[in-house]
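Read the structure below first, then the notes.
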Amino acid sequence: MKRVTEPTRKDYIQSIVYILLYILAISVGAYFLLLKYWYIWALVVVVGLALLVNWHKEKTVYSCPICGYVYEISFLVDLTAPHGFDRDGAWLLLRCPNCHERHKTKVLKRTG
Ligand SMILES: [Zn+2]
Numbered sequence: 000m001k002r003v004t005e006p007t008r009k010d011y012i013q014s015i016v017y018i019l020l021y022i023l024a025i026s027v028g029a030y031f032l033l034l035k036y037w038y039i040w041a042l043v044v045v046v047g048l049a050l051l052v053n054w055h056k057e058k059t060v061y062s063c064p065i066c067g068y069v070y071e072i073s074f075l076v077d078l079t080a081p082h083g084f085d086r087d088g089a090w091l092l093l094r095c096p097n098c099h100e101r102h103k104t105k106v107l108k109r110t111g
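First residue of the sequence shown: 0, per numbering that gives the first Met the number 0; consecutive thereafter.
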């Protein structure tokens with residue numbers, strides 16, 4: 000049985016900080032690298048995004064609003080699924096592997 004919990008405000012802040020750091024690294028990198036060393040800059044963009052998405056994937060699980068099934072998603076799904084935010088917190092538009100319904104699915108945090 001997977002141990003999951005609701006994400007806290009701290010988790011949201013951590014996510015935002017990581018995303019801002021990534022944007023900062025790209026911006027600063029663009030300034031210093033883009034003209035002469037664009038391939039290094041491209042590498043920073045790709046590796047940074049991969050690390051960010053992988054970190055998000057490792058940390059989160061999803062609970063189907065229809066059948067309650069709790070599941071993980073792949074790197075590619077995490078990268079490409081529509082994301083959003085409402086009063087209840089963060090969500091992704093995902094297809095449940097259990098009931099195959101496509102729904103706004105709440106993001107939960109993995110604890111164990
Ligand atoms: Zn389901």
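Where is the CB? At the ideal position from N, CA and C, for every residue including glycine. Computed from a predicted model, the values in this text were never measured in an experiment.
Which listed residue (the options) has its alpha carbon closest to that of residue i
i   : options             : result
N53 : T4, S14, H102, F74  : F74
E5  : L19, S26, S62       : S62
Y70 : C95, L23, H102      : C95
G28 : K58, Y17, V44, K105 : V44
8 Å Cβ cutoff, residue i in contact with chain B
i   : result
I15 : Of the protein chains in this structure there is only one, and it is not chain B.
For residue i, the first and last residue of its enclosing beta strand (DSSP E)
i    : result
G67  : Note, G67: premise wrong, no beta strand (DSSP E); not H, not E.
T104 : 101 to 109
Cβ distance (whole Å) where residue i is taken to contact residue j below 8 Å
i    : j   : result
R109 : K58 : 6 Å
L91  : H82 : 5 Å
L32  : I39 : 5 Å
Continuous alpha helix (DSSP H) stretch holding residue i: start and end
i  : result
R8 : 8 to 32
Contact test: residue i Cβ vs ligand 1 heavy atom, cutoff 7 Å
i    : result
E100 : yes
G65  : Note on identity: in this sequence residue 65 is Ile, with Gly being the wrong assignment. Under cutoff, so the answer is yes.
N53  : no
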